[in-house]
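Per our numbering: the sequence shown = residues 5 to 102.
Every residue, glycine too, gets a C-beta built ideally from N, C-alpha and C.
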Amino acid sequence: MASKVPTQPGTRKPTHPGHGKRHCLKILQKLSLYLDDELSGEVCTEIRAHLGACPNCEIFLDSLRQTITLCRHCQPHTLSSSDRAILRRQILKSAASA
């Protein structure tokens with residue numbers, strides 16, 4: 005189980021700067037592009053620095069890498085035309101209610 009980022013006593017503020025929820029979310033949103041080597045060197049340096057000091061984001065990155073590896077080794081299943089139609093209706097229904 006992932007350990008939590010330590011916080012200052014009596015607060016929810018992280019003990020090290022740059023590890024607040026918002027900053028971590030910004031980093032996590034870029035991880036796919038980071039793994040695909042589609043970011044500038046400056047952004048990659050920022051991500052590496054954050055990952056080196058943030059165990060939760062490091063764990064998420066490892067999990068994403070494992071997911072990508074598993075997906076690359078899976079054979080896609082072919083959906084029947086009726087299954088595709090059902091899936092399409094469900095997606096459209098979900099999108100309409102959002």
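- prompt: Would DSSP call Gly-24 helix, strand or coil?
  reply: Counting from 1 along the sequence shown, the entry for residue 24 is found at position 20. Correct three-state label for Gly-24: coil.
message: Tell me the DSSP secondary structure of Cys-75 in three-state form.
response: As a working note, residue 75 is residue 71 in the sequence shown. Residue state, collapsed to three classes: helix.
- prompt: So, do the region 56 to 74 and the region 33 to 43 have three or more beta carbon pairs nearer to each other than 8 Å?
  reply: They touch, by the three-pair rule.
message: 9 Å is my cut-off, CB to CB: does Ser-44 come that close to chain B?
response: Given the protein chain composition of this structure (a single chain), no chain B is represented.
Rounded C-alpha distance that separates Glu-62 from Pro-80: As a working note, residue 62 is residue 58 in the sequence shown. As a working note, residue 80 is residue 76 in the sequence shown. Rounded to the nearest angstrom, the two C-alpha atoms are 29 Å apart.
message: For Phe-64 and Leu-29, I'd like the C-alpha separation in whole angstroms.
response: If you number the sequence shown from 1, residue 64 lands on position 60. If you number the sequence shown from 1, residue 29 lands on position 25. Straight-line Cα distance between these residues: approximately 11 Å.
field: Best match in Ile-31, Ser-98 and Ser-101 for proximity to Cys-48 [C-alpha to C-alpha]
entry: Numbered from its first residue, the sequence shown carries residue 48 at position 44. Ranking Ile-31, Ser-98 and Ser-101 by Cα distance to Cys-48 puts Ile-31 first.
query: In the structure shown, what three-state DSSP assignment does Thr-82 receive?
result: Locating residue 82 in the sequence shown gives position 78, where the first residue counts as 1. In the structure shown, Thr-82 sits in coil (DSSP, three-state: anything other than H, G, I, E or B).
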